[in-house]
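If you read the protein sequences in the order shown, they are chains A, B, C and D.
Just so we're aligned, residue 1 is where the first sequence starts under the numbering used here, counting upward by one.
Just so we're aligned, residue 1001 is where the second sequence starts under the numbering used here, counting upward by one.
Just so we're aligned, residue 2001 is where the third sequence starts under the numbering used here, counting upward by one.
Just so we're aligned, residue 3001 is where the fourth sequence starts under the numbering used here, counting upward by one.
Number of protein chains: 4
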Amino acid sequence: MTSKIKQRGKDGRRWRRRKDKRPGEIRMAALECFGERGFAGTRLDDVAERAGVTKGTLYLYFQNKEDLFKAVVSEELVPNIVRIESLLSEKELPAPEALAQLMRFWVKTFTTTRLSILPKLVISEVGNFPELAEFYIHEVIDRGFALVGGILRRGIDEGDFREINVEETIISVIAPAIVTMLWKHSFEPHGSRKLDPVTLVETHIEIILRGLGRNPAAL
Amino acid sequence: MTSKIKQRGKDGRRWRRRKDKRPGEIRMAALECFGERGFAGTRLDDVAERAGVTKGTLYLYFQNKEDLFKAVVSEELVPNIVRIESLLSEKELPAPEALAQLMRFWVKTFTTTRLSILPKLVISEVGNFPELAEFYIHEVIDRGFALVGGILRRGIDEGDFREINVEETIISVIAPAIVTMLWKHSFEPHGSRKLDPVTLVETHIEIILRGLGRNPAAL
Amino acid sequence: MTSKIKQRGKDGRRWRRRKDKRPGEIRMAALECFGERGFAGTRLDDVAERAGVTKGTLYLYFQNKEDLFKAVVSEELVPNIVRIESLLSEKELPAPEALAQLMRFWVKTFTTTRLSILPKLVISEVGNFPELAEFYIHEVIDRGFALVGGILRRGIDEGDFREINVEETIISVIAPAIVTMLWKHSFEPHGSRKLDPVTLVETHIEIILRGLGRNPAAL
Amino acid sequence: MTSKIKQRGKDGRRWRRRKDKRPGEIRMAALECFGERGFAGTRLDDVAERAGVTKGTLYLYFQNKEDLFKAVVSEELVPNIVRIESLLSEKELPAPEALAQLMRFWVKTFTTTRLSILPKLVISEVGNFPELAEFYIHEVIDRGFALVGGILRRGIDEGDFREINVEETIISVIAPAIVTMLWKHSFEPHGSRKLDPVTLVETHIEIILRGLGRNPAAL
DNA sequence: GATGAATGAGCTTTCATTCAT
DNA sequence: GATGAATGAAAGCTCATTCAT
Chain A
1 MTSKIKQRGK DGRRWRRRKD KRPGEIRMAA LECFGERGFA GTRLDDVAER
51 AGVTKGTLYL YFQNKEDLFK AVVSEELVPN IVRIESLLSE KELPAPEALA
101 QLMRFWVKTF TTTRLSILPK LVISEVGNFP ELAEFYIHEV IDRGFALVGG
151 ILRRGIDEGD FREINVEETI ISVIAPAIVT MLWKHSFEPH GSRKLDPVTL
201 VETHIEIILR GLGRNPAAL
Chain B
1001 MTSKIKQRGK DGRRWRRRKD KRPGEIRMAA LECFGERGFA GTRLDDVAER
1051 AGVTKGTLYL YFQNKEDLFK AVVSEELVPN IVRIESLLSE KELPAPEALA
1101 QLMRFWVKTF TTTRLSILPK LVISEVGNFP ELAEFYIHEV IDRGFALVGG
1151 ILRRGIDEGD FREINVEETI ISVIAPAIVT MLWKHSFEPH GSRKLDPVTL
1201 VETHIEIILR GLGRNPAAL
Chain C
2001 MTSKIKQRGK DGRRWRRRKD KRPGEIRMAA LECFGERGFA GTRLDDVAER
2051 AGVTKGTLYL YFQNKEDLFK AVVSEELVPN IVRIESLLSE KELPAPEALA
2101 QLMRFWVKTF TTTRLSILPK LVISEVGNFP ELAEFYIHEV IDRGFALVGG
2151 ILRRGIDEGD FREINVEETI ISVIAPAIVT MLWKHSFEPH GSRKLDPVTL
2201 VETHIEIILR GLGRNPAAL
Chain D
3001 MTSKIKQRGK DGRRWRRRKD KRPGEIRMAA LECFGERGFA GTRLDDVAER
3051 AGVTKGTLYL YFQNKEDLFK AVVSEELVPN IVRIESLLSE KELPAPEALA
3101 QLMRFWVKTF TTTRLSILPK LVISEVGNFP ELAEFYIHEV IDRGFALVGG
3151 ILRRGIDEGD FREINVEETI ISVIAPAIVT MLWKHSFEPH GSRKLDPVTL
3201 VETHIEIILR GLGRNPAAL
């Protein structure tokens, strides 16, 4: 688009034009609504109200409801994918440490961003948005699998892990994180026990690292 | 709801096969539709068509869409909860074996029933159906936690498992099963890699049992 | 059952299913509305009310407003085009008589059908419906021109008409009919003088035949 | 509406020009839009864009969309009505020549002004604007009829025309001009054959004068 | 004067629900 | 019991209009 003149505003304006801020605010409101009620169950009136605008305003920034939905997913995902990318390029730690770091990084992301609602949203709505599936599988799942699978393979090569079935082990490693995210947004709001990601991850790390270790005597 | 009007034929037959099967057929069709598109995204026309009846017929058996939805969830869950109950009362195996059996039982259920779509359905729709949350948390989650938690505690008591944080470990144990169910219905229809529950569970059992074992020398 | 006062019509039914009649009734109502207010200016509520149904019913028979509009034009046009076709194949009269008959046939059509609103509708809406232009030009205008042009050429060949510029003369011949149709639907409802098609056509026939004649003295 | 305030800049500033021209530019843009898509089908965004201003600017010059529409019609019509008035007061020619001159004058107007879109616009929109009908009937149609009717009556009185039915003959005389105007804006943009007003009028003049003549041999 | 972000009434469209058949 | 034409409330979307800048 074009470079918009900076709006230096003094105080005392009844409302301001916030062309630059609005889209993000709307996406955030939409993320919450879609996360809570799903795509079809979300009314644009609700999104608008939560964003502090009226329905018509949504259409200044998004072509239609579907466009807004896709914007919400991709805009939330993309910057976070970039953050994950940076992890990938970090210095090579021993595999067990790398695995532990990765899981602790997830805890940080989980507690500091709104990203955690996306798995629920995607899982719920792929049935209605096939392109979403393609995007998510390719950009998130495949990358995540490659990342964890790489560490596991390295751990085997370097003698830290026993000869495990990598593809299946990936699931054992990451599943608790996924379940925790779903849990937070589906059951915690309705009074179920709360899952503490920090404790959970530390417990899980120990189980996994012991479980993958070479010494079979434990069994 | 079900009006208990006596409808005996003059030949004494109590049940007309067709009449008797309709509700189940409709629930099954509804389960598939709701699973694919969610509650709001499902049209009763589609449910009716898939059930081989017309829209009006749905209202002969269910008060409304919401009633149908709840019937679908509870009717699918209840008999399967009963099956799980029977597991609970089985003869006491050593904890590691009990855990392995439980997970293999899950594989069987997963591959032989349509139950596996329910986690997705529940996770997607609890935002719109708070009672559903209550029901599911109480009837499924709490029971499941109690079941796995009981085995874990027994394993600790009997010296098979080290002193682990039971609550968090439960998640590590069951998360892969949950993820597999969600995966099957959300990503596999859209071309992602397939998860094989048998291999996955065997791999997971070994990781978990090794991970929970007493001998720490492996680390 | 509850004691519900049934509001029966005179035939004893509250409403009847009239799947076979409805589409035609709706098209007729739509024809009038579109004719009066144009496509964009017509509200489906008005069409529905005039057809004696509710808005939703329109969607049982037509995909959307545009589909209804096209159905109105083509359904009204097609059968009348067929009628015109039959004229084409009639026995060959002398050209002057054929011209007079054609114009009198138009009067009959004008006074006995609702066809006369279509020129106004088409002229008003071709800007929004390019396919409509194509259809109308090809099916109505070109055929009409061919018909009148054929008679004129025959008249010249057979010595009844002088050597006139056929293409332009066609306009002189048919224009009053077109103007009368537009007039009826645009100005007469607002109090302008009324045009009497019978007198008008007889006057026009005489002017045209005299105007085209070789030896006007013969008249 | 049009306040003809003289704005001769005392210092000869040219920038006032722009301000002065805005309303006319907007009316012109609106004329084209309304002509193409009708009143309801025209968006003010489109008018603004075509006029090279923004939507808000339209409201500096016109109260609302309807006001703009009426301004467009009246501002285009009034000056042209004045031109027609001047024809009326011209020296009295013999009726046949007057008729021919009148029709040739129409050709000139048709080819040099944008007036020709107005019949289409008025015919299309009178259903939505009853006052427009009144205005047009009174200011354009009645005057036009009086003008042509006057010539015809004079022609009869002076022995140039036979005893024709004046009211109906008026239609035969003017209809081709009306049809040509409608044609130009409705069908020519969509690829139909083009009507050449010059040839058409010359052909029509000859038909009409022969058709009306007492002693056609005179021609 | 000019702008264009924001509004909200009004329209099209959908679909759960009803009910005469 | 079963149907499906009909309904109407609710939602998505458009666009004339406003108003702070």
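Each residue gets a CB set at the ideal place from its N, CA and C atoms; glycine is no exception.
Bear in mind the structure is a predicted one, so any value in this text is a computation, not a measurement.
Q.
Quick test of the definition: if touching needs 3 or more C-beta pairs under 8 Å, does the region 2098-2108 of chain C touch the region 3155-3175 of chain D?
A. No contact exists between the region 2098-2108 of chain C and the region 3155-3175 of chain D.
Q) Going by alpha carbons, who is nearest to Thr113 of chain A out of A:Leu77, A:Gly144, A:Leu212? A) The shortest C-alpha separation from Thr113 of chain A is found at A:Leu77.
(Q) Which residue wins for smallest C-alpha separation from Asn128 of chain A, given the options A:Leu31, A:Phe39, A:Glu32, A:Ala29? (A) Of the residues A:Leu31, A:Phe39, A:Glu32, A:Ala29, the one whose Cα lies closest to the Cα of Asn128 of chain A is A:Phe39.
Q: May I have the straight-line CA-CA distance separating Phe3135 of chain D from Pro23 of chain A, to the nearest angstrom?
A: In this structure, the CA atom of Phe3135 of chain D is about 49 Å from the CA atom of Pro23 of chain A.
Q) Closer than 8 Å, CB to CB, is Ala1098 of chain B near chain A or not? A) Against chain A, the CB of Ala1098 of chain B has no partner CB under 8 Å away; the residue lies outside that interface.
**Q.** Under the three-state DSSP convention, the category Gly1127 of chain B falls into
**A.** DSSP, read as helix, strand or coil, puts Gly1127 of chain B in coil.
(Q) Taking the beta carbon of Pro1079 of chain B as the centre, do at least 16 other beta carbons fall within 10 Å, making it buried, or is it exposed? (A) The residue is exposed, with fewer than 16 neighbouring Cβ atoms inside 10 Å.
Q) Does DSSP put Gly3149 of chain D in a helix, a strand or coil? A) Helix at Gly3149 of chain D.
Q) So, helix, strand or coil for Gly3159 of chain D, using DSSP? A) Coil at Gly3159 of chain D, not helix or strand.
Q. What do you get for Glu3163 of chain D, buried or exposed, if any count of 16 or more other CB atoms within 10 angstroms of its CB means buried?
A. By the C-beta density criterion, Glu3163 of chain D is exposed, having fewer than 16 other C-beta atoms within 10 angstroms.
Q. Roughly how many angstroms separate the alpha carbons of Pro130 of chain A and Asp1067 of chain B, rounded to a whole number?
A. Taking the Cα positions, Pro130 of chain A is about 29 Å away from Asp1067 of chain B.
Q: Would you list the residues sitting across from Gly1213 of chain B in a DSSP beta bridge?
A: According to the DSSP secondary-structure assignment, Gly1213 of chain B is paired through a beta bridge with B:Phe1161.
Q: Reducing DSSP to helix, strand and coil, say where Phe2187 of chain C ends up.
A: DSSP, reduced to helix, strand and coil, places Phe2187 of chain C outside both helices and strands of the structure shown, so it counts as coil.
Q) What number of angstroms, rounded off, separates the C-alpha of Thr199 of chain A from the C-alpha of Lys184 of chain A? A) Going by the C-alpha atoms only, they are around 15 Å apart.
**Q.** Cβ neighbour criterion (16 or more within 10 Å) applied to Ala1051 of chain B
**A.** With 16 or more other Cβ atoms within 10 Å, it is buried.
**Q.** Neighbour list for Gly1038 of chain B in chain A, Cβ cutoff strictly below 9 Å
**A.** Within 9 Å of the CB of Gly1038 of chain B, the CB atoms of chain A belong to Gly38, Phe39, Ala40, Gly41, Ser124, Glu125, Gly127, Asn128, in sequence order along the chain.
Q. Does the Cβ of Ser2967 of chain D have 16 or more other Cβ atoms within 10 Å, making it buried, or fewer, making it exposed?
A. Not covered by the structure: residue 2967 of chain D. The range shown for chain D is 3001 to 3219.
(Q) Less than 8 Å between C-beta atoms, sequence neighbours within five positions excluded: which residues of the same chain meet that for Lys1120 of chain B? (A) Apart from sequence neighbours up to five positions away, the residues of its chain that approach Lys1120 of chain B with a beta-carbon distance below 8 Å are Gly1035, Met1181, Leu1182, His1185, Ser1186, ordered along the chain.
Q: With a 10 Å radius around its C-beta and 16 neighbouring C-beta atoms as the bar for buried, classify Thr3054 of chain D as buried or exposed.
A: Exposed, since its Cβ has fewer than 16 Cβ neighbours within 10 Å.
Q. When you compare only the Cα positions, how much space is there between Val1072 of chain B and Leu1099 of chain B?
A. Between Val1072 of chain B and Leu1099 of chain B, the C-alpha separation is close to 30 Å.
Q.
For chain A, check one thing: does any of its Cβ atoms lie closer than 8 Å to the Cβ of Pro1176 of chain B?
A. By this cut-off, Pro1176 of chain B is an interface position.
Q) What is the DSSP secondary structure of Thr1042 of chain B, reduced to helix, strand or coil? A) In this structure, Thr1042 of chain B counts as coil in the three-state DSSP scheme.
Q: With a 10 Å radius around its C-beta and 16 neighbouring C-beta atoms as the bar for buried, classify Thr1042 of chain B as buried or exposed.
A: When all chains shown are included, Thr1042 of chain B counts as buried.
**Q.** Cβ-based contacts, 7 Å cut-off: residues of the region 2130-2142 of chain C near chain D
**A.** Listed in sequence order: Pro2130, Ala2133, Glu2134, Ile2137, Ile2141.
Q. Between which two residues does the alpha helix (DSSP H) containing Glu1097 of chain B stretch?
A. In the DSSP annotation of this structure, the continuous segment of the alpha helix (DSSP H) that includes Glu1097 of chain B starts and ends at 1095-1112.
(Q) Distance check for Glu1025 of chain B and Gln1007 of chain B, CA to CA, integer angstroms please. (A) Low per-residue confidence applies at Gln1007 of chain B: pLDDT is 42, beneath 50, and the placement is therefore not dependable, though the value from the model is reported in the following sentence. About 21 Å.
Q. Considering Leu2058 of chain C, what are the terminal residues of the alpha helix (DSSP H) in which it resides?
A. For Leu2058 of chain C, the enclosing alpha helix (DSSP H) stretches over residues 2055-2061.
Q | Min CB distance Asn1165 of chain B to chain A below 8 Å | A | So, interface residue.
**Q.** Selection from D:Phe3161, D:Asp3157, D:His3204, D:Gly3191 that minimises the alpha carbon distance to Ile3174 of chain D
**A.** When only C-alpha atoms are compared, the closest one is D:His3204.
Q | Rounded C-alpha distance that separates Ile1123 of chain B from Glu1092 of chain B | A | Their Cα atoms are separated by approximately 33 Å.
Q) Whose Cβ in chain C lies nearer than 8 Å to the Cβ of Ile3207 of chain D? A) Ordered by position in chain C, the residues that pass the 8 Å Cβ test against Ile3207 of chain D are Ile2164, Thr2169, Ser2172, Ile2207, Ile2208, Gly2211, Leu2212.
**Q.** Thr2109 of chain C at chain D interface by Cβ criterion, 8 Å
**A.** Not closer than 8 Å to any Cβ of chain D, the Cβ of Thr2109 of chain C fails to qualify, so no.
Q. Whole-angstrom Cβ separation of Lys1065 of chain B and Leu1044 of chain B, contact assumed at under 8 Å?
A. Contact between Lys1065 of chain B and Leu1044 of chain B holds: their C-beta atoms lie close to 6 Å from each other, under 8 Å.
Q) Do Gly3155 of chain D and Leu3212 of chain D have their CB atoms nearer than 8 Å? A) Going by C-beta atoms, Gly3155 of chain D is nearer than 8 Å to Leu3212 of chain D.
Q | Rounded distance between the beta-carbons of Ile171 of chain A and Val1179 of chain B, thought under 8 Å | A | Contact between Val1179 of chain B and Ile171 of chain A holds: CB atoms are separated by about 6 Å, below the 8 Å threshold.
Q: Rounded to whole angstroms, what's the CA-CA distance from Arg3143 of chain D to Ile3081 of chain D? Just pull it up for me.
A: Distance between the alpha carbons of Arg3143 of chain D and Ile3081 of chain D is about 9 Å.
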